[in-house]
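Below: the structure, in structure tokens.
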Amino acid sequence: MAKMVLIIEDDNFLLGLEAKKLKKEGYDISTAVNSEEAFRLIDSRVKIDLILLALMLPDVDGFTILEKVRKNGSKEIADVPVIIFSNLSEEKDIERAKSLGISEFMVKSNFTLDELAAKVKELIGA
Amino acid sequence: MANDAELKKIEQENQRLAQLCSMKSEMVSLNAHQIKTSLSAQKWIIKMFLDGDLGALTPEQENLMQKAYESNDRAIELVSDMLADNKKEELAEKKFEFSPVDLSELIDSVKFDFSGEAYSHGVEMIFLHPEEDIPPVDADKEKMRMVLQNLLDNAIKYSGNHGKVFITLSKKDDQVQVSVKDTGVGISPEGQKHIFEKFYRDPEAEKKEITGSGIGLFTAKNVVERHGGKIWFESRPEAGTTFFFTIPIRQKGGVA
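Read top to bottom, the protein sequences are chains B and V.
For the first sequence, the numbering used here assigns the number 126 to the last residue and increments by one with no breaks.
For the second sequence, the numbering used here assigns the number 1256 to the last residue and increments by one with no breaks.
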């Protein structure tokens, strides 16, 4: 069964590109463009193998979502690898994300989609 | 002498300006973030073309796409620099808070933060750890971090492909000395006269299209001097540049 990646990203254009790339690499994709959709998916007990999370979202920020994921009652969700994929790159943002528990902090503009896919593969396999 | 009413007015005006400045800085940061988002999308799409994901390209198309990719890279670097400068100015305006800082640990941490940047420039960073124990210095940690970031960032940018950056840390009497050496082209004689001036850019760097704003070294000098230290460099054409700075182990009347 293909691994499931949940992409939480408010920019529809970027979301489309990320989803297309990861689908091509053989992953199943769920997407959320705001916290409401994200929480619905997280709480729905859909099997999620990795979360790709943007930080600047329209309602709550990515940190709040990350916090909720880590405190989730279901151990499977609480332990899921999270890649922060954002153009925020200040020390304080990286430190805050790290303190909440992430696998990787990737600054969007520094990486290509191939490199993103390679990182996903490194974390959860093909 | 200004009377109380005048002083109060000046104080209020000061507060208003500080508020305005902080709002401006937030706006710059937000706009830069949005610009970076759109540049990221362009980068990914150009890369898809270059990789042939959207069909084969003619040599001319490929050549132009490659140029677009490089131009996009420069734009991303400019916006990143703008964000970093915005942050530097913000930080430089904040009060200095002194506490004991382990410079060896701080260098390791900054070096780690720059590992991606060094890798993408094909540069190796080497921290020659001191043989003796270096006592903590009485310093403002975040501002010291900024000084190290500025020096490492420059050293990586100017070292060129296959370059090396050497960092040393040593104790000299009641001071701790840090050096950052690159294997770049050196600073031009004209540049050497102005390198610590705000907004100054070495014409050689401009020619090589190395991005920068001319704020980094100016801020580094200010921060080092506010600690009672000194900053200087040695540079020879084609043989690279070494920046040195010292920080007193204890600030006069300090807390360490």
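The beta carbon of each residue, even a glycine, is placed where N, CA and C say it ideally should be.
Query raised in the report: Can you check whether the CB of G1229/V is closer than 8 Å to the CB of F982/V?
Result: Limits of chain V in this structure are 1001 at one end and 1256 at the other, which puts residue 982/V out of reach.
Query raised in the report: So, is the C-beta of E1006/V closer than 8 Å to a C-beta in chain B?
Result: no
Report task. Enumerate, from N- to C-terminal direction, the unbroken alpha helix (DSSP H) stretches of 4 or more residues contained entirely within the region 80-116 of chain B. Result -> 91-100
Query raised in the report: Tell me which same chain residues have a C-beta within less than 8 Å of the C-beta of L1039/V, skipping the five on either side of it?
Result: N1072, A1075, I1076 and V1079
Report task. Can you check the region 1083-1130 of chain V for any beta strand (DSSP E) of at least 3 residues that lies completely inside it and give the ranges in chain order? Result -> 1099-1101 and 1124-1128
Query raised in the report: If you run the structure through DSSP and keep just helix, strand and coil, what is F1196/V?
Result: coil
Report task. Using a Cβ-Cβ cut-off of 8 Å, state whether F63/B counts as contacting chain V. Result -> no
**Report entry** Sequence-distant residues of the same chain with beta carbon closer than 7 Å to T1219/V, five excluded per side
**Finding:** K1088, A1092, M1146 and N1150
Query raised in the report: So, does the CB of L17/B fall closer than 8 Å to a CB anywhere in chain V?
Result: yes
Query raised in the report: In chain V, which residues lie with their C-beta within 7 Å of the C-beta of N110/B?
Result: G1116
Query raised in the report: Is the Cβ-Cβ distance between S1179/V and I1134/V less than 8 Å?
Result: no
Query raised in the report: By a C-beta neighbour count over all protein chains shown, 10 Å radius and 16 as the cutoff for buried, is V1255/V buried or exposed?
Result: With a pLDDT of only 45 at V1255/V, under 50, the local geometry of the prediction cannot be trusted, and the value read off the model is given with reservation. Result: exposed.
Requested in this report: Give me the Cα-Cα distance between K47/B and M4/B, rounded to the nearest whole angstrom.
Outcome: 7 Å
Query raised in the report: What's the call for L66/B, buried or exposed, on a 16-neighbour Cβ count within 10 Å?
Result: buried
Report task. Using a Cβ-Cβ cut-off of less than 8 Å, list which residues of the region 36-61 of chain B approach chain V; keep chain order. Result -> M56
Query raised in the report: Which two residues bound the contiguous beta strand (DSSP E) that contains K3/B?
Result: Where K3/B is concerned, there is no enclosing beta strand (DSSP E), given that its DSSP letter is neither H nor E.
Query raised in the report: Does the beta carbon of N87/B come closer than 8 Å to any beta carbon on chain V?
Result: yes
Query raised in the report: What do you reckon, are the CB atoms on K1164/V and E1124/V nearer than 8 Å?
Result: yes
Report task. Output the distance between the C-alpha atoms of I1126/V and A1005/V, rounded to the nearest integer angstrom. Result -> 58 Å
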